[in-house]
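Below is one structure, written out as structure tokens, with a few remarks after it.
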Ligand SMILES: Nc1ncnc2c1ncn2[C@@H]1O[C@H](COP(=O)(O)OP(=O)(O)OP(=O)(O)O)[C@@H](O)[C@H]1O
Ligand SMILES: [Mg+2]
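Rendered as structure tokens:
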């Protein structure tokens, strides 16, 4: 208990210094930071007594405070090229700070990609009211902490009707050079009416130190816009990764989220989508692969606030070693939200006896004329399929890999950026392969 | 030269049930043996024992393949050594591409035999040629393994695999069931094309029609877990006339 309090105190002190260093910046920013700090001070790191945090053991976070790093400005780094080159914009951040030297920007009509550090001076009135609008710091302590240290980040704006064909990629690398460094990446996406784009957020680690990435993503999808958001989390085994994402979807707009989580020691992602106007449609696909002692939580919440919304959720988990996975999917259908069509499914694959997964759909339906379905399953690789492959000469490991890939394929193959599929599949298998070597060695 | 397959006094069980109850069978090089017998008599169980299916426990007896113990080998090593089972019920594997699987399978077998692995182009050329043999539609190659295949398409996929892997011992478990008349002829031609002095086959079937095309050297009747009668190809014709009932009464009489 004392350790936890000390942890809070360290962040309060650090934030006081941070605020002094950032004096003179636009007042809405100082106000946001102060509100964030107040919320964090109020809540602290959540204890497991809080229902939504029951499955997330934060002792690795609270044991000792993390120290804010902004190696982003100086570190000489090479970004991971594993995902190959994509055309179009490829914008890099290190420890949450924009790195022009590592970025490639392309001029695309109707699209603007900026760093928050620049935008806050150039267009404070645009940011005011948008930053912080989609994630409520009063209920999300990690988002509160992020906001308290709000500094740089990625801003992506799509003008009304903008059609962007190349994926827009934001890379967030953690330098991980000093032990227990924390960074607070921030993303703000505004897709105006009728626009269409695909955005890729790619989180990786450069060094080998224990670090905490505490990220906030805010998205608004305007009327009739189509937005695809791919979130890849490929950080190191020493990473703690917390991500709070809030999305608002307007009338007749389409939002699709594709989350692939491969890395991290202790990971939690909260993704909340509000279908704010009628006819809004949302797809939430997720794949998490955990081995060794990884702990990976995915919490989703879809809020059907108005009639005629549809939501499709498919979260798949693959767990090996002694890994633990959690999927909590809340679907809220408000009394007005008639003709809602919501489905949620979370199939999980356990590859070892020591692995564990806790998948719980949670439906709260207050309207009567709705179509809602949900289901979660936990299974092993099918013996019959394994045997079939082996009778064709494939050894057991290869057969298991093939079946595991087959299980993940539904999500990987649906990624809107086809260039990502092959490399991600290879990373997924490499992770499981490491786990297997570890096992046979022990 | 050693027999390709020698089975002696084979007893096997699955769960609580003893299914094979002292089975003897020898298959020589280049021979085709048909196995017939009532439903539930243990034909697929025998096929499973030969391919190494988990869950079937051999409690007594031995099986030798080309003179060496077979039962101690893993299913994949048996396959690479040249044992092939065409499944009665091929397994559907969603998410795993058929083309990828077939290439991986062929290359696993080839490298075990000391042959070079085929690259994607060479594999595709070979595969197309074999697919034409069984008139298998091209698009089945890009679909997941057997996923949503019709009964006949699954069986063609099995034979395609046999044609690719060129096994020394092929066990066809009711490959004819589910095939239309034309497909049966095509598949049989494919099977016959593989017949050679080095390749042997165990053909499990309920129907004479297949044996009209793939003419066996020997026909055996498996009942209650063992071979109760063996003969030449005319035995199949006789069974077609009389059924198994008469036979069971015979064996009951001779083996009280
Ligand atoms: N795992 C098992 N546990 C218990 N009984 C089993 C198991 N597997 C097979 N059996 C039984 O063993 C018997 C033989 O089955 P098998 O599939 O070998 O028959 P078959 O001769 O191939 O029949 P068919 O002509 O119908 O294909 C059947 O009665 C079956 O129900
Ligand atoms: Mg059978």
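Residue numbers (our numbering), protein chains in the order written: chain A, 4 to 445; chain B, -15 to 240. Glycine included, C-beta positions come from ideal geometry on N, C-alpha and C. Keep in mind the model is a prediction, meaning the values are calculated, not measured.
Item                                                                                                                                                                                        : Value
Quick one: complete beta strand (DSSP E) runs, 3+ long, within the region 58 to 125 of chain B?                                                                                             : 67 to 70 and 77 to 81
Kindly indicate if chain A contains any beta-carbon less than 8 Å away from that of residue 3 of chain B.                                                                                   : no
Roughly how many whole angstroms lie between the Cα atoms of residue -6 of chain B and residue 334 of chain A?                                                                              : 58 Å
Is it buried or exposed, residue 89 of chain B, if we count other Cβ atoms within 10 angstroms and call 16 or more buried?                                                                  : buried
For residue 162 of chain B, which residues of its own chain have a beta-carbon under 6 Å away from its beta-carbon, when the five flanking residues on both sides are left out?             : 135, 136 and 139
Provide the residue span of the alpha helix (DSSP H) that contains residue 407 of chain A, from first to last.                                                                              : 399 to 415
If I measure Cβ to Cβ from residue 1 of chain B and keep anything under 8 Å in the same chain, skipping five residues before and after, which residues do I get?                            : none
Where do the ends of the alpha helix (DSSP H) carrying residue 63 of chain A lie?                                                                                                           : 62 to 65
Using a Cβ-Cβ cut-off of 8 Å (strictly less than) and excluding sequence neighbours within five positions of residue 236 of chain A, which residues of its own chain qualify?               : 206, 244, 246, 262, 263, 264, 265, 266, 267, 270 and 272
Does residue 448 of chain A come within less than 8 Å of chain B when only Cβ atoms are used?                                                                                               : Outside the displayed range of chain A (4 to 445) lies residue 448 of chain A, so it cannot be described from this structure.
In whole angstroms, give me the CA-to-CA distance for residue 99 of chain B and residue 256 of chain A.                                                                                     : 56 Å
Considering only the alpha carbon of each residue, which of A:425, A:434, A:435 and A:421 lies closest to residue 90 of chain A?                                                            : A:421
From this set, A:200, A:196 and A:174, which residue's C-alpha is nearest residue 218 of chain A's C-alpha?                                                                                 : A:174
Taking only the alpha-carbon atoms, compute the straight-line gap between residue 43 of chain A and residue 127 of chain B and give it to the nearest angstrom.                             : 51 Å
Just verifying my parser: in three-state terms, what is the DSSP assignment at residue 2 of chain B?                                                                                        : strand
How should residue 165 of chain A be labelled, buried or exposed, when 16 other C-beta atoms within 10 angstroms of its C-beta is the threshold for buried?                                 : buried
Any idea which residues DSSP pairs residue 10 of chain B with across the strands?                                                                                                           : B:-10
Given that a residue counts as buried once 16 or more other Cβ atoms are within 10 Å of its Cβ, and exposed if not, what is residue 5 of chain A?                                           : Confidence in residue 5 of chain A is poor, its pLDDT being 47 and thus under 50, which makes the residue's placement unreliable; the coordinate value appears in the next sentence. Label assigned to residue 5 of chain A: exposed.
Alpha carbon to alpha carbon, how far is residue 156 of chain B from residue 303 of chain A? Give it in angstroms, no decimals.                                                             : 50 Å
Specify the secondary structure class of residue 364 of chain A as computed by DSSP and reduced to three states.                                                                            : strand
Can residue 394 of chain A and residue 69 of chain B be called in contact, C-beta distance under 8 Å?                                                                                       : yes
Buried or exposed: residue 118 of chain B, going by 16 or more other Cβ atoms within 10 Å of its Cβ?                                                                                        : buried
Any residues whose CB sits closer than 5 Å to a heavy atom of ligand 1? List them in chain order?                                                                                           : B:-2, B:-1, B:1, B:3, B:23, B:24, B:25, B:26, B:27, B:28 and B:29
Taking contact to mean 3 or more Cβ pairs, one atom from each stretch, closer than 8 Å, check whether the region 150 to 169 of chain A and the region 112 to 130 of chain A are in contact. : yes
Have a look at residue 158 of chain B and residue 226 of chain B and give me their C-alpha separation to the nearest angstrom.                                                              : 21 Å
Residue 216 of chain B: buried (16+ other C-beta within 10 angstroms of its C-beta) or exposed?                                                                                             : exposed
Below 7 Å between beta carbons is the criterion; list the residues of the region 20 to 36 of chain B that meet it against any residue of chain A, in chain order.                           : 35
Check whether the Cβ atoms of residue 248 of chain B and residue 43 of chain B sit closer than 8 Å, and answer yes or no.                                                                   : No answer is possible for residue 248 of chain B: it lies beyond the span of chain B, which begins at -15 and ends at 240.
Could you check whether the Cβ of residue 57 of chain B sits closer than 8 Å to any Cβ belonging to chain A?                                                                                : no
What does residue 412 of chain A reach in chain B if we use C-beta pairs closer than 7 Å?                                                                                                   : 79
Give me the chain B residues within the contact set of residue 406 of chain A, using Cβ-Cβ distance strictly less than 9 Å, ordered along the chain.                                        : 77, 79 and 80
Against residue 89 of chain B, what residues of chain A qualify as contacts under a CB-to-CB distance less than 7 Å, listed in chain order?                                                 : 395, 396 and 397
Please state the DSSP three-state secondary structure of residue 343 of chain A.                                                                                                            : coil
Could you compute how far the alpha carbon of residue 96 of chain A sits from the alpha carbon of residue 241 of chain A?                                                                   : 19 Å
One question on the structure: do residue 1 of chain A and residue 330 of chain A come within less than 8 Å of each other, judged by their Cβ atoms?                                        : The requested residue 1 of chain A does not occur in the structure, where chain A is confined to residues 4 to 445.
What residue does the alpha helix (DSSP H) around residue 45 of chain B start on, and which one ends it?                                                                                    : Here residue 45 of chain B belongs to no alpha helix (DSSP H); instead the beta strand (DSSP E) covers 40 to 49.
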